[in-house]
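Counting in the UniProt record's numbering, the sequence shown runs from 1 upward without gaps. We put the beta carbon where it would ideally sit given N, CA and C, even for glycine. Presented below is the structure to which this report refers.
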Amino acid sequence: MTLTRFGRPPPIRKPLRIDTRRKLPRPPLNLHIRQLSPCRLSDHYHSTLSDNLMYMSYSHKTNPIPSSPREIRLRWDPSNPYSKYRKNPPVGGSQWSKIPSNLITPTTIPKLLSIQLHIMSKDALTSRSNLLGVIAALRALSGESPSLSSKSINGVEIILGKKQVGGWIRQGMPSGAKVTLKGPPMYDLISTLSEFVLPRLRDFHGIPIPPTTSPHTSYLPSSANAVKPSDVTGVVSFGLPPAAMAFWPQIEVNQDAYPKMYGMHIHFITDAVGLGAQERARALVSGFQIPFVRMS
Numbered sequence: 001m002t003l004t005r006f007g008r009p010p011p012i013r014k015p016l017r018i019d020t021r022r023k024l025p026r027p028p029l030n031l032h033i034r035q036l037s038p039c040r041l042s043d044h045y046h047s048t049l050s051d052n053l054m055y056m057s058y059s060h061k062t063n064p065i066p067s068s069p070r071e072i073r074l075r076w077d078p079s080n081p082y083s084k085y086r087k088n089p090p091v092g093g094s095q096w097s098k099i100p101s102n103l104i105t106p107t108t109i110p111k112l113l114s115i116q117l118h119i120m121s122k123d124a125l126t127s128r129s130n131l132l133g134v135i136a137a138l139r140a141l142s143g144e145s146p147s148l149s150s151k152s153i154n155g156v157e158i159i160l161g162k163k164q165v166g167g168w169i170r171q172g173m174p175s176g177a178k179v180t181l182k183g184p185p186m187y188d189l190i191s192t193l194s195e196f197v198l199p200r201l202r203d204f205h206g207i208p209i210p211p212t213t214s215p216h217t218s219y220l221p222s223s224a225n226a227v228k229p230s231d232v233t234g235v236v237s238f239g240l241p242p243a244a245m246a247f248w249p250q251i252e253v254n255q256d257a258y259p260k261m262y263g264m265h266i267h268f269i270t271d272a273v274g275l276g277a278q279e280r281a282r283a284l285v286s287g288f289q290i291p292f293v294r295m296s
């Protein structure tokens, strides 16, 4: 009986690429982490919340009357021979306050697309090293890890100044960080926010929303009259004070590791557009146990 040795592994002819951000070898294939267990809030949306939104926002309009096109004047007189070949863009302004909403059908029910956490740090304007606490906090809240595949869209991103403000911020200067979540991590964040953070806030009665602007005889929702461009977009935004950061379980277990507590802005991004989009987006977010209160 002759003993044979196992052959040597084939040599690696092409070395693995190195990720410049994480300083680790990059695998030749993209690793996708699948959902290992059913998401409770996702099932709640498809089984209960979508039917309630359909009932609350349904409008029986089979043949909507098309609106007449608006007459928009031109910048230059087309009959003038001196402006014959000149670019003539129309002038009239955007009608963001009159964007019609889509008809509510079973396929156009408002959906939650993503959640964005944004932290602004004034200390980062003097030294970039002050952003380390902000980045560490967002990584703890979003589950982002430098050694694993990203659970968010682009990971934790550093926010740079877009324009120069005299004596305060310059263009391109880092001023904060943000992270955008999608899928199951997004619903996990909602569950933690509604069950652990908001109930422990002192003197918290709900997220304030502006007072009603529509008359009681109007068929539109109470805040459907657009008074600013954000009213026709399905984005619900609110802020949390620095004291609320200590109530997140990911921060509370190791609170001494952070130099200070930071306030944050939370943006719920939905696909609702048009008149009454803010009301439909708030109705969707309130279905995930996020309370709202009307300002008097």
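Let's see if you can read the secondary structure: which residues bound the alpha helix (DSSP H) around residue i?
i              : result
glutamine 250  : 249-252
isoleucine 190 : 184-192
residue 298    : Here the chain has residues from 1 to 296 only, and residue 298 is not among them.
serine 42      : 40-44
Output needed for residue i: all residues of its chain with C-beta closer than 6 angstroms, excluding positions within five of it in sequence on either side, in chain order.
i             : result
tyrosine 187  : Cys39, Leu41 and Ser42
threonine 107 : none
proline 259   : Gly133
methionine 54 : Ile109
isoleucine 72 : Pro90 and Gly92
proline 28    : none
lysine 23     : none
Is residue j closer than 7 angstroms to residue i when the C-beta atoms are compared?
i             : j              : result
alanine 277   : glycine 239    : no
serine 47     : isoleucine 109 : no
leucine 280   : valine 236     : Sequence check: residue 280 is arginine here, not leucine. No, these two residues do not count as a Cβ contact at 7 angstroms.
serine 194    : isoleucine 290 : yes
tryptophan 96 : proline 210    : no
histidine 284 : serine 101     : For clarity, residue 284 is leucine in the given sequence; the question names histidine instead. Contact flag unset, no.
serine 142    : asparagine 130 : no
leucine 201   : alanine 244    : yes
Among the residues of its own chain, which have a CB less than 7 angstroms from the CB of residue i, if the five just before and after it don't count?
i              : result
proline 241    : Gly263
isoleucine 135 : Val156 and Ala177
isoleucine 169 : Leu125, Gly161 and Ser175
alanine 140    : Gln250 and Ile251
Excluding the 5 residues flanking residue i on each side, which residues of the same chain have their C-beta closer than 8 angstroms to its C-beta?
i            : result
serine 286   : Phe292
leucine 113  : Lys182, Ile269, Thr270 and Asp271
arginine 128 : Pro174
Per DSSP, what are the beta-bridge partners of residue i in this structure?
i              : result
proline 11     : BP columns for proline 11 are empty, so no partner.
aspartate 19   : Leu24
isoleucine 159 : Gly176
valine 236     : Phe268
proline 208    : Val293
valine 91      : Arg73
isoleucine 135 : In DSSP, isoleucine 135 forms no bridge with anything.
valine 165     : Ile169
Between which two residues does the beta strand (DSSP E) harbouring residue i extend?
i              : result
arginine 294   : 292-294
methionine 264 : 264-273
leucine 181    : 174-181
leucine 53     : It is not in any beta strand (DSSP E) - leucine 53 instead sits in the alpha helix (DSSP H) that spans 50-56.
residue 297    : Residue 297 lies beyond the range of the chain shown here (1 to 296); nothing can be said about it.
Item to complete: For the region 99-133, list the alpha helix (DSSP H) runs that are entirely contained and at least 4 residues long, ordered along the chain.
Response: Runs found: none.
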